[in-house]
Structure formats: structure tokens, C-alpha cells
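**Q** Can you keep this structure in mind? I'll have questions shortly.
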Amino acid sequence: MFITFTDSAKKRLEALRSDLPGQLHLYYDTEGCSCENSGIFTLRLVEEKTKEDNVIESTIGPILIKQWTEIFLEDQLTIDYDDIEKTMILKSDGQYYNRNLLLVTNEDEVISCPMSSI
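Take the sequence shown: its letters are residues 7 to 124, numbered as in the working numbering.
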């Protein structure tokens, strides 16, 4: 599995993350969902890798993912940034997984900041 971050997504992620510590984790959030198949992916900053985590290579370095969630994704992914909607997008050549990919802390706090044009 490999994730390509577009240049605009890299800039947006850098602006959101600033100097916040933590490892990026492509996290499948099922909170409030009735089953594992109805979750949504987010980017989460975590303190450390667990035994349930695998590593995905990307254009910005390694990203963690829970082993059991890899089945929901294609092998080649892209994270892009939509300057009109001001959202990051997780997609593949075949589909969109999340058109509003949030960056969150390990305590479920959404990280957001105003940003001028990229």
C-alpha cells in the first residue's frame, strides 16, 4: 500500500500540524457507527505504534494503519486538498473514501486553522 500526498495536501497538512508532535495514523473511526463497515477514515496524530498497526509508505514518510482496516482500501491512494471546499480528500483511482479528511489528535480534537491560498 502507498499513499501519494499532492503538493497542496502537503502544504495544508503542514499548516494544520504546525509543530504538533505525533505519528500520522490513517485511522478508521467507527465511533457512533452501527458496525465496522460504516466508519470513516481520518488522519490522527498518535503517540506510538501499537502491535495492531502496520506501516504504509507515503510521499511524506511512514503512516500507521490498523491491520484490520487495510481491507477497506485500495493499494494506491492519494490524499489531495480541495482549495475551494478547504478540505483534504482521501481517494484512489476508483473512488473517494473521504472528501473531508480531518486531522485529529489522539483525544479526538479536530485540528483546524485558517489558511490563505496554497
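All C-beta atoms in this analysis are idealised placements derived from N, C-alpha and C, irrespective of residue type, glycine included.
Determine the DSSP secondary structure at residue 91, reduced to helix, strand or coil.
**A** Within the sequence shown, the letter at position 85 stands for residue 91. For residue 91, the three-state secondary structure derived from DSSP is coil.
**Q** Is the segment 64-84 in contact with the segment 104-120, if contact means three or more CB pairs nearer than 8 Å?
**A** With the cut-off at 8 Å, the segment 64-84 and the segment 104-120 do not touch.
**Q** Where residue 28 and residue 77 are concerned, what is the direct C-alpha to C-alpha distance, given to the nearest angstrom?
**A** As a working note, residue 28 is residue 22 in the sequence shown. As a working note, residue 77 is residue 71 in the sequence shown. Between residue 28 and residue 77, the C-alpha separation is close to 25 Å.
**Q** Along the beta strand (DSSP E) that carries residue 59, what are the first and last residues, could you check?
**A** Indexing the sequence shown from 1 puts residue 59 at position 53. That run of the beta strand (DSSP E) goes 59-64.
**Q** What are the start and end residues of the beta strand (DSSP E) that includes residue 114?
**A** Within the sequence shown, residue 114 is the residue found at index 108, counting from 1. No beta strand (DSSP E) contains residue 114, which DSSP labels as neither H nor E.
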